[in-house]
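Trainee: One structure, pasted below without further comment.
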Amino acid sequence: MATPGRKTSTSSSLASKRALPREPSSEVPSKRKSSAPPAPPPPPPLPLQSSRPFVEGSIVRIVMENFLTYDICEVSPGPHLNMIIGANGTGKSSIVCAICLGLAGKPAFMGRADKVGFFVKRGCSKGMVEIELFRTSGNLIITREIDVAKNQSSWFINKKSTTQKVVEEQVAALNIQVGNLCQFLPQDKVGEFAKLSKIELLEATEKSIGPPEMHRYHCELKNFREKEKQLETSCKEKTEYLEKMIQRNERYKQDVERFYERKRHLDLIEMLEAKRPWVEYENVRQEYEEVKLARDRVKEEVRKLKEGQIPMTRRIEEIERQRHILEARIKEKATDIKETSQKCKQKQDIIERKDKQIEELQQALTVKQNEEHDRQRRISNTRKMIEDLQNELKTSENCENLQPQIDAITNDLRRVQDEKALCEGEVIDKRGEKESLEKERKSVGDNIVRFDSLMNQKEDKLRQRFRDTYDAVLWLRSNRDKFKQRVCEPIMLTINMKDNKNAKYIENHISSNDLRAFVFESQEDMEVFLKEIRDNKKLRVNAVIAPESSYADKAPSRSLNELKQYGFFSYLRELFDAPDPVMSFLCCHYHIHEVPVGTERTRERIERVIKETRLKQMYTAEEKYVVKTSFYSDKVISSNTSLKVAQFLTVTVDLEQRRHLEEQLKEINRKLQAVEAGLIALCERNRHLEHKDNELRQKKKELLERKTKKRQLEQKISSKLGSLKLMEQDTCNLEEEERKASTKIREINIQKAKLVTELTNFVKICTSLHIQKVDLILQNTTVISEKNKLESDYMAASSQLRVTEQHFIELDESRQRLLQKCKELMKRARQVCNLGAEQTVPQEYQTVVEEYTKREEEIEQLTEELKIKKVELDKYRENISQVKERWLNPLKELVEKINEKFSNFFSSMQCAGEVDLHTENEEDYDKYGIRIRVKFRSSTQLHELTPHHQSGGERSVSTMLYLMALQELNRCPFRVVDEINQGMDPINERRVFEMVVNTACKENTSQYFFITPKLLQNLPYSEKMTVLFVYNGPHMLEPNRWNLKAFQRRRRRITFTQPSQ
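Our numbering applies: residue 64 is where the sequence shown begins, and numbers increase by one.
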């Protein structure tokens, strides 16, 4: 049902109506011209909490006062699609202007005026716009009062004064962007949407539907990239400047050396001869100053050292006097001790002599006892040994029969050594053969590794561009047992180009999605694979099924010999090798066995080729040609595109050769095992011969020993019998010797006891004297220790003083010598430069020595600065990589969603359109943009949407459908489109209108304002639409007198009374 405006005026009014099925064309008067005085307006409404399904930030109410064509008017839009309809000039676009200005939009954006005062009704000094926005926490009322004279605005939020900045913040918090053409498209800006560049369109789309951080990340990327470029430029400039400085320094150094060598340049020699004395003088002068300063420092150090020695000298003298007194007392005690000790020593010597006499007697007795025992033992051992030798002599064999055995063993030993030498020769041969096979195996293994390295390059490219596909390949290699039939890895990995230069034809012919697709022979296997990869691991991969019957060997429709006259040299199928399922799939779906490849000669006669061969697709050296026949006129239509550079298939791996190498490696390993087995057998045989050789040598040795053993036994028996006779003659009486020794020892012990008593008394006296002496020595030691320490310190100080004085003398002599040399050099330099006594030294002579050093310092400083710049550059690149990942992936997903909806809209109109993310260089983030391509006729190709290529109606349709594609993705609370359907033909207008109704009237979609002066008949409507009619004229009712309910009652009465009549 319709609701009248809440404010009244004699000059304007507007009402809104909800479209119902039974009343699709109800009309409400909008504006009226009258000279009657205006009625006083009611008090301003307070913010209301709407019960209607508005989204956060939707417009609940619009109030205009003295604004453009309106005196006072209030509009109450619905939460979904709002159709604002009225004739041209009635004030539809004024509502759009009110929305823009009321939400802090710029006047210039409307395209009508650049000053806000121009939007106030002519003849009025002030105007007002009030917008009520829906918020779950309480509606927000924004009021803007415009002063014409000052061209300024006063702002109010919920009737409280505020600033424009606060209003802009509140509006931005609700994600309202009245300056974004993707959200707010006024009448005068409709044509500018198609003029938006791809970059501007991307920025507008990011702000409109992207997450809040997406545009911020984009800006950060652009700033980072700009700073990265600046740093790269700075690094490059500094590097070039540094190289120039180094080169200049090198040239300078070479020039100086060359100047000394080339004596024939007289002017240069004179200049150098003039500079050299001053340089020498300056060097000597600086050395003189340094020596002088060093001499003064040493002189001060000598003075301090001498002052520090005086207290030590006095203390040493005092300690020396104490030491003399103590040493005198120690000498007295030592004399007493010496006398007593001598007495003790005399007694002790006598006692020791007595002890020695006793010990000698005991030792003599012990010796005699030991000699007797030893004699008896030796006699017994000799008798036993003689008996053993005689027994051994009786049992020994006859030695005359051993020689034949020795000769036989010698012959066997010679034969074994010959066999051993032969075996060792065979071992050497086998080891040589083994080394040769190992070298051959290493060579073959290296070739296999090289092939695997090339395969890894292809896998690295796959990982860098399609990480999900690469992860799926790794999973497949670990789980091949889960599949019943053969599963091929992505086509780009299985294809092997016969010639790398032909890779561009294959990559341009096969789509990127299929190049990274897995090829299955079984539908069941593919479902198992996709369930695991897509559903469980959430990886985005492609998979295809090879035909049941193989197409791999299918013959082309015409022989290649027929096409060679046009410059064709091969079909696409013959340019590469691939597994049978992959080749069958490509032949079936891409007809690679029917697509020929030509040369530059083919391109030169392309018209003749197209006309005579009737080929549908063909390739020249750098272009692809597609030929189609029109369904209507049978005309041949051809299109050509330049070939892109190959990226994935440039790495060639000869799988047949690799298989041959693997078979060769297996054969080598088999031979190597056989050689090692033979080598082991030969080594075992060699060990057996070695053992047999040792046994024969041992037997020969034993026989030789047995041959000489009897003669040795007879000699030993004769010798032992003589020794036994001598030992039996030597006898001794031990009892008599023991009795004599005991008597002598008893007499000596009596004398020893008397001497010990005398010694004890002397020891006591000596002990007392020693204690007194030790005490004196301890005192003396303390004094000596202190004296030694002082003397050591004094000697160290004296040594340092002598060294310092010597250093001072040397420095002083050096100073005198340098001073004299300075005077001589100064005199010589003045003579060379012709300077008088009062003239000063030229500045250029003083600085010539410093030039080279300064340049070296500058080079070092530049090198350090360059290092810092490179570190900063690496940091920016790291930041770019992090921000790019957070920005680009969500952006690609967002553009994919827009493309899906945009393509669906165009497909429903029997047209084609697509949206993609376009950039020429991935690193130029300020060049990223959204490209819209459309096709309205089946006979044409997709073309980019531009202000010149499409007609006005086509641009309007494309713009409208792009905005509709954003509708469900949009984060903005409402969208405004003003008179965008004016350039459309009736068919497209009807289709677009249906899409607008279906899209804008869905649940949970944002509010939509669609302004149009007219509509077609019998259009579909929805109950969720709100239709707002705008009228004007001198006979319109005033808003406060308009009553929609009374009008409906009168209409029903008329309807009911007419049939009865």
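We put the beta carbon where it would ideally sit given N, CA and C, even for glycine.
#1: Leucine 784: buried (16+ other C-beta within 10 angstroms of its C-beta) or exposed?
#2: On the criterion of 16 or more Cβ atoms from any shown chain inside 10 Å, does serine 443 qualify as buried, or is it exposed?
#3: I'd like the span of the beta strand (DSSP E) that includes glycine 165, first residue to last.
#4: Specify, as a first and last residue, the run of the beta strand (DSSP E) that histidine 981 falls within.
#5: Taking the alpha-carbon of leucine 706 as reference, which of Glu873, Thr845, Phe694, Ala684 has the nearest alpha-carbon?
#6: So which of His143, Trp341, Leu356, Glu231 has the shortest CA-CA distance to aspartate 875?
#7: Where do the N-terminal and C-terminal ends of the beta strand (DSSP E) with arginine 666 fall, by residue?
#8: Smallest Cα separation from leucine 929: which of Val183, Ser297, Leu144?
#9: Pull up the distance between the alpha-carbon of asparagine 474 and that of cysteine 486, whole angstroms please.
#10: Within the same chain, show all residues whose beta-carbon is closer than 6 Å to that of alanine 427, passing over the 5 residues directly before and after it, in chain order.
#11: Quick check for students: name the residue ranges of the alpha helix (DSSP H) that lie wholly in the stretch 629–717, counting only runs of 4 or more.
#12: As a quick exercise: from Ala615, Lys627, Ser575, pick the residue whose alpha carbon is nearest that of alanine 606.
#13: Please identify the residue among Ser848, Ala535, Lys567 whose C-alpha is closest to the C-alpha of glutamate 552.
#14: What's the C-alpha gap between glutamate 497 and leucine 525?
#15: Arginine 392 and leucine 61 - do their beta-carbons sit closer together than 8 Å?
#16: Quick check: what's the CA-CA separation for methionine 1047 versus asparagine 962?
#17: Within 10 angstroms of its Cβ, does leucine 1082 collect 16 or more other Cβ (buried), or is it exposed?
#18: How is valine 490 classed by DSSP in three states: helix, strand or coil?
#19: Between which two residues does the beta strand (DSSP E) harbouring arginine 994 extend?
#20: Closer than 6 Å by C-beta to leucine 649: which residues in its own chain qualify, once you throw out the five before and the five after it? Chain order, please.
#21: Using the DSSP secondary-structure output, state which residues sit across from cysteine 551 in a beta bridge.
#22: Could you give the distance in angstroms between the alpha-carbon of arginine 1113 and the alpha-carbon of methionine 1099?
#23: Taking DSSP as the reference, what is the three-state secondary structure of methionine 191?
#24: Within 10 angstroms of its Cβ, does glutamine 425 collect 16 or more other Cβ (buried), or is it exposed?
#25: What number of angstroms, rounded off, separates the C-alpha of serine 93 from the C-alpha of alanine 161?
#26: Which same chain residues, not among the five before or five after leucine 1079, have their C-beta less than 7 Å away from its C-beta?
#27: On the three-pair Cβ rule with 8 Å, is the stretch 557–572 touching the stretch 529–549?
#28: Please classify tyrosine 695 as buried or exposed, where buried requires at least 16 neighbouring CB atoms within 10 angstroms.
#29: So proline 644 and alanine 609 are supposed to be a Cβ contact under 8 Å. How far apart are they, rounded?
#30: Beta-carbon separation of valine 1020 and isoleucine 1074 under 8 Å?
#31: Am I right that asparagine 286 and arginine 504 are in contact with their C-beta atoms under 8 Å? What's the rounded C-beta distance?
#32: Apart from the five residues just before and just after lysine 290, which ones in its own chain have a Cβ nearer than 8 Å to its Cβ?
#33: Would you please state the rounded distance, in angstroms, between the beta carbons of valine 63 and lysine 228? I believe it to be under 8 Å.
#34: Is the stretch 817–832 in contact with the stretch 395–411, if contact means three or more CB pairs nearer than 8 Å?
#35: Going by DSSP, which residues form a beta bridge with tyrosine 1071?
#36: Less than 8 Å between the C-beta atoms of valine 997 and isoleucine 148, yes or no?
Mentor: This is what the structure holds:
#1: In the sequence shown, residue 784 corresponds to position 721, counting from 1. Under this definition leucine 784 is an exposed residue.
#2: If you number the sequence shown from 1, residue 443 lands on position 380. Exposed, by the Cβ-count rule.
#3: One-based indexing of the sequence shown puts residue 165 at position 102. Here glycine 165 belongs to no beta strand (DSSP E); instead the alpha helix (DSSP H) covers 155–165.
#4: Numbered from 1 along the sequence shown, position 918 holds the residue referred to as residue 981. Boundaries of the beta strand (DSSP E) harbouring histidine 981: 975–981, taken from the DSSP string.
#5: Walking along the sequence shown from the start, residue 706 turns up at place 643. Per the Cα distances, Ala684.
#6: Numbered from its first residue, the sequence shown carries residue 875 at position 812. The shortest C-alpha separation from aspartate 875 is found at Leu356.
#7: Translated into the one-based positions of the sequence shown, residue 666 becomes position 603. Per DSSP, arginine 666 belongs to no beta strand (DSSP E); it is in the alpha helix (DSSP H), 663–667.
#8: Numbered from 1 along the sequence shown, position 866 holds the residue referred to as residue 929. Comparing Cα-Cα distances from leucine 929 to each of Val183, Ser297, Leu144, the minimum goes to Ser297.
#9: Locating residue 474 in the sequence shown gives position 411, counting from the first residue. Locating residue 486 in the sequence shown gives position 423, counting from the first residue. Rounded to the nearest whole angstrom, the C-alpha separation of asparagine 474 and cysteine 486 is 19 Å.
#10: Counting from one through the sequence shown, the residue named residue 427 turns up at place 364. Once the five neighbours on either side are set aside, alanine 427 has no close Cβ partner at all.
#11: Whole alpha helix (DSSP H) segments, 4+ residues: 643–653, 663–667, 669–676.
#12: Translated into positions along the sequence shown, residue 606 becomes position 543. Taking only the C-alpha atoms, the option nearest alanine 606 is Ser575.
#13: Within the sequence shown, the letter at position 489 stands for residue 552. For glutamate 552, the nearest C-alpha among the options comes from Ala535.
#14: For this step, residue 497 is matched to residue 434 along the sequence shown. For this step, residue 525 is matched to residue 462 along the sequence shown. The sequence given here places lysine at residue 497; glutamate does not occur at that position. If you take the alpha carbons of lysine 497 and leucine 525, they lie about 42 Å apart.
#15: Residue 61 is absent from the model: the chain starts at 64 and stops at 1124.
#16: Stepping through the sequence shown from its first residue, residue 1047 is reached at position 984. Stepping through the sequence shown from its first residue, residue 962 is reached at position 899. So the two alpha carbons sit approximately 22 Å from each other.
#17: As a first step, residue 1082 is located in the sequence shown; it is residue number 1019 there, counting from the start. Around the beta-carbon of leucine 1082, fewer than 16 other beta-carbon atoms lie within 10 Å, marking it exposed.
#18: One-based indexing of the sequence shown puts residue 490 at position 427. In the structure shown, valine 490 sits in a helix (DSSP, three-state: H, G or I).
#19: By one-based count along the sequence shown, residue 994 stands at place 931. Per DSSP, arginine 994 is one residue of the beta strand (DSSP E) stretching across 992–998.
#20: On the sequence shown, residue 649 is found 586 positions in, with the first residue counted as 1. If we look at leucine 649 and ignore the five residues flanking it on each side, its Cβ neighbours are Ile655.
#21: Residue mapping note: residue 551 aligns to position 488 of the sequence shown, counting from 1. Val582, per the DSSP bridge assignment.
#22: Here residue 1113 refers to the residue found at position 1050 of the sequence shown. Here residue 1099 refers to the residue found at position 1036 of the sequence shown. Their backbone Cα atoms lie some 18 Å apart in a straight line.
#23: Here residue 191 corresponds to residue number 128 of the sequence shown, with the count starting at 1. Correct three-state label for methionine 191: strand.
#24: By 1-based counting over the sequence shown, the position of residue 425 is 362. Exposed, because fewer than 16 other Cβ atoms sit within 10 Å of the Cβ of glutamine 425.
#25: In the sequence shown, counting from the first residue as 1, residue 93 sits at position 30. In the sequence shown, counting from the first residue as 1, residue 161 sits at position 98. Residue placement at serine 93 is flagged as unreliable, the pLDDT there being 38, under the threshold of 50; the coordinate-derived value follows with that caveat. The C-alpha of alanine 161 is placed about 16 Å away from the C-alpha of serine 93.
#26: Working through the sequence shown from its first residue, we reach residue 1079 at position 1016. Hits under 7 Å: Pro1049, Glu1052, Arg1053.
#27: No, they do not touch.
#28: Working through the sequence shown from its first residue, we reach residue 695 at position 632. Exposed, because fewer than 16 other Cβ atoms sit within 10 Å of the Cβ of tyrosine 695.
#29: Residue mapping note: residue 644 aligns to position 581 of the sequence shown, counting from 1. Residue mapping note: residue 609 aligns to position 546 of the sequence shown, counting from 1. With 8 Å as the limit, proline 644 and alanine 609 qualify as a contact, their Cβ atoms being about 4 Å apart.
#30: By 1-based counting over the sequence shown, the position of residue 1020 is 957. By 1-based counting over the sequence shown, the position of residue 1074 is 1011. No.
#31: Translated into the one-based positions of the sequence shown, residue 286 becomes position 223. Translated into the one-based positions of the sequence shown, residue 504 becomes position 441. Not quite, the Cβ-Cβ distance comes to about 58 Å (not below 8 Å), so this is no contact.
#32: Counting from one through the sequence shown, the residue named residue 290 turns up at place 227. These residues qualify, in order along the chain: Tyr939.
#33: Any property of residue 63 remains undetermined from this structure, which presents the chain solely from 64 to 1124.
#34: Yes, the stretch 817–832 is in contact with the stretch 395–411.
#35: Position 1008 of the sequence shown, counted from the start, is the residue given in the question as residue 1071. Leu144, Arg1038.
#36: Sequence index remark: in the sequence shown, residue 997 carries index 934 (1-based). Sequence index remark: in the sequence shown, residue 148 carries index 85 (1-based). Not in contact: valine 997 and isoleucine 148 (Cβ atoms no closer than 8 Å).
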